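Residue numbers are given in UniProt numbering: position 47 of the sequence shown equals residue 47, and the series is strictly consecutive.
Think of the CB as a built atom: it goes at the ideal place given N, C-alpha and C, for glycine as much as any other residue.
Note that this is a predicted model, so its numbers are computed, not measured.
Below: the structure, in structure tokens.
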Amino acid sequence: MMWELYERLIEPIPDDVPVDEILVGTSCTMVRAGGAAGAAANQRLESRPRILGEGEWEQELTWRQAASLINSWNFLEAGIGAAAINAYYNRKDVLMNGIAAYEGVKILESCDTFAAPGDGLAGKKVATIGHFHYAERYLKTAGELFVLEREPREGDYPDTACEYILPDMDYIYITGFTLVNKTLPRLLELGKNARVVLVGPSVPMAPVLFEFGVRELAGTLITDTEKTERLVRFGSHRAVVRSGIPVRAGYEE
Numbered sequence: 001m002m003w004e005l006y007e008r009l010i011e012p013i014p015d016d017v018p019v020d021e022i023l024v025g026t027s028c029t030m031v032r033a034g035g036a037a038g039a040a041a042n043q044r045l046e047s048r049p050r051i052l053g054e055g056e057w058e059q060e061l062t063w064r065q066a067a068s069l070i071n072s073w074n075f076l077e078a079g080i081g082a083a084a085i086n087a088y089y090n091r092k093d094v095l096m097n098g099i100a101a102y103e104g105v106k107i108l109e110s111c112d113t114f115a116a117p118g119d120g121l122a123g124k125k126v127a128t129i130g131h132f133h134y135a136e137r138y139l140k141t142a143g144e145l146f147v148l149e150r151e152p153r154e155g156d157y158p159d160t161a162c163e164y165i166l167p168d169m170d171y172i173y174i175t176g177f178t179l180v181n182k183t184l185p186r187l188l189e190l191g192k193n194a195r196v197v198l199v200g201p202s203v204p205m206a207p208v209l210f211e212f213g214v215r216e217l218a219g220t221l222i223t224d225t226e227k228t229e230r231l232v233r234f235g236s237h238r239a240v241v242r243s244g245i246p247v248r249a250g251y252e253e
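Below you can see the structure in the form of structure tokens.
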């Protein structure tokens, strides 16, 4: 399953459409191709060499070639791949055509994904992979809340605790950056008994993810490319949601 998820995401992306622009900001990356734009969080971790040589980002890449950079263990480069993938999937026409192939999947009402369960979280075990700056006010009704972090704060669990915690959860909220750092496939395996929600501006609205255990996708369809570009240049990853439309798709609870 590990690489299959990535292969399935990349497969439908055109290999005959050139990338128009790659913009790498301090915390976010944007890719424009085929009249669309996508953004994703990046991490300036370059302990491993780039797949592309020096200056090759500036050379002409096809949309699929750019998307294939998601496979890189150079996380700055993998962020380009994630942004290229999002440019393809995070469009209304692609999303609507995609979910039509999955029985039971539909566009969910537009309320915040953390607010959606409401009282349904009472007595439930809930985990978040990463901190979501406003989520805990909605999740406080949960029976138990586990926050797993790579750089834990007081009260958090280290992310290595996922092997022990996730199999017992009822709800799991996972940041889209896990696609970049390659932890997503394993997290989905561990969370197979839970309602798994992939959430954040880095999330590809790709229905194929429902085949790997995701029950809900909560991301952003970019509608203002110029605003996205300004936000990426200013290093505002979270603010990218303001240049588009929040959207939720998945199975009803």
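Check                                                                                                                                                                         : Outcome
Pull up the CB-CB distance for residue 300 and residue 244, whole angstroms please, since I reckon it's below 8 Å.                                                            : Residue 300 lies beyond the residue range present for the chain, which begins at 1 and ends at 253; the question has no answer from this structure.
Give the list of continuous alpha helix (DSSP H) stretches no shorter than 4 residues that lie fully inside the UniProt domain "Putative heavy-metal chelation" (122 to 238). : 136 to 139, 162 to 165, 184 to 190, 225 to 233
Relative to the alpha-carbon of residue 18, which residue among 61, 98, 107 has its alpha-carbon at the smallest distance?                                                    : 61
What residue from 104, 99, 140 has the CA that sits closest to residue 119's CA?                                                                                              : 140
Quick check on DSSP: helix, strand or coil for residue 23?                                                                                                                    : strand
Please say whether residue 180 and residue 42 have beta carbons closer to each other than 9 Å?                                                                                : yes
Consult DSSP for residue 247 and reduce its assignment to one of helix, strand or coil.                                                                                       : strand
Measure from the alpha carbon of residue 240 to the alpha carbon of each residue in 171, 86, 63, 198, then state which is nearest.                                            : 86
In the DSSP assignment, find the unbroken beta strand (DSSP E) run with residue 31 in it and report its ends.                                                                 : 28 to 33
Return the Cβ separation of residue 138 and residue 112 in integer angstroms, given the expectation that the two are a contact with Cβ distance under 8 Å.                    : 7 Å
Hey, residue 228 and residue 37 are a contact pair by Cβ (cut 8 Å); roughly how many whole angstroms apart?                                                                   : 6 Å
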